[in-house]
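Input: a single structure, listed below in structure tokens.
Numbering (my numbering), first residue to last: 9 to 239.
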């Protein structure tokens, strides 16, 4: 990492799994950053769209109004809504951008098969994990309204999601490998990690998923990985 790089700005809340994914990447990639915590009063309502930011300031940065948001002062563009640098939102977009620009082995665009498999896990996280494990944590830990879903439905979906992930990891481990894609960690591991590492906050047990537990331990040993609040 060049010592001349300016700190990347990230807006978010520490207890947000999507924000933690970006912070984990910034630490592993050894990128300096400035964390700007979003005031809790700007987050709400606690509904199916939990985490939505309603203030005009943030809607100018991200019209969708969700965290995380990053501003990269090392990439200035006239098209950016901020004079501080390039503005990006959406967790998968941010992670692919950071990896491509600062840690290419985590998103090796010259390896089509690897990229295709990474993209599978990005989709798995945005769909299966987001609509099961994530919702269950929001409901159990924060008592958020997850309607039109219900807790019994989300528990069933979570168990299915965890079973799929553990089965995939069991197959990976049986081949003597450790990571979701290829022989080294990638953003696939980063994007899946936080909400899976948090499943016991949703009253589910990691002991029921030995291969997942092994993968979590392996992830925690990645150089420059820093344990964040809640993990």
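Just so it is clear, CB atoms sit at the ideal spot from N, CA and C, and this is done for glycine as well.
{"Query": "Complete runs of the alpha helix (DSSP H) confined to the segment 68 to 141 [at least 4 residues]", "Result": "99 to 110, 120 to 132"}
{"Query": "Paired residues, beta bridge with residue 16 - DSSP", "Result": "41"}
{"Query": "Residue closest to residue 73, alpha-carbon to alpha-carbon, out of 32, 97, 153", "Result": "97"}
{"Query": "DSSP-derived helix/strand/coil call for residue 226", "Result": "helix"}
{"Query": "Collapsed DSSP secondary structure at residue 192 in the structure displayed", "Result": "coil"}
{"Query": "Terminal residues of the alpha helix (DSSP H) in which residue 209 lies", "Result": "First-last for residue 209: undefined, no H or E at that position."}
{"Query": "Residues near residue 83 in its chain [Cβ-Cβ closer than 8 angstroms; skip 5 each side]", "Result": "93, 94, 109"}
{"Query": "Contact the segment 210 to 229 vs the segment 163 to 170: 3+ CB pairs below 8 angstroms", "Result": "yes"}
{"Query": "Own chain residues within Cβ distance below 6 angstroms of residue 187, not counting five before or after", "Result": "193, 197"}
{"Query": "Inter-residue CB distance, residue 141 and residue 104 (contact presumed, cutoff 8 angstroms)", "Result": "Their Cβ separation, rounded to whole angstroms, is 22 angstroms, which puts residue 141 and residue 104 out of contact at 8 angstroms."}
{"Query": "4 or more residues per run - each alpha helix (DSSP H) lying fully within the segment 155 to 182", "Result": "159 to 182"}
{"Query": "Buried or exposed by the 16-neighbour rule on C-beta atoms within 10 Å, applied to residue 232", "Result": "exposed"}
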